[in-house]
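All residue numbers for the sequence shown refer to the working numbering, where the first residue is 1 and numbers rise by one. Report on the following structure.
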Amino acid sequence: MYRAPRGTSDILPKEQAYWRYIEQKVANACQLYGYERIDAPAFEDTRLFSRSVGEGTDIVEKQM
């Protein structure tokens, strides 16, 4: 059985049209003001959390 990673959710087929509509409206508004699209990573390297919080902390252990 497939499960999305904790803290994430899938956009299912019945919701796709709605989200594409919203994304297009936001993209159009951003373009009017000279902004360009940036796609950031959906998941970060675990070393990012280890360095900022410290290895072995509850936060790192629970989220990884």
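From the three backbone atoms N, C-alpha and C, an ideal C-beta is built for every residue, glycine too.
- Query: Between which two residues does the alpha helix (DSSP H) harbouring E23 extend?
  - Reply: 13 to 32
- Query: For T8, does the three-state DSSP call read helix, strand or coil?
  - Reply: coil
- Task: Quick one: measure Cβ to Cβ for R37 and A27, integer angstroms, because I've assumed they're closer than 8 Å.
- Result: Rounded, the Cβ-Cβ distance is 7 Å, consistent with contact.
- Query: Rounded to a whole number of angstroms, what is the C-alpha to C-alpha distance between E23 and A17?
  - Reply: If you draw a straight line from the Cα of E23 to the Cα of A17, it comes to about 10 Å.
- Message: Please state the DSSP three-state secondary structure of R3.
- Response: coil
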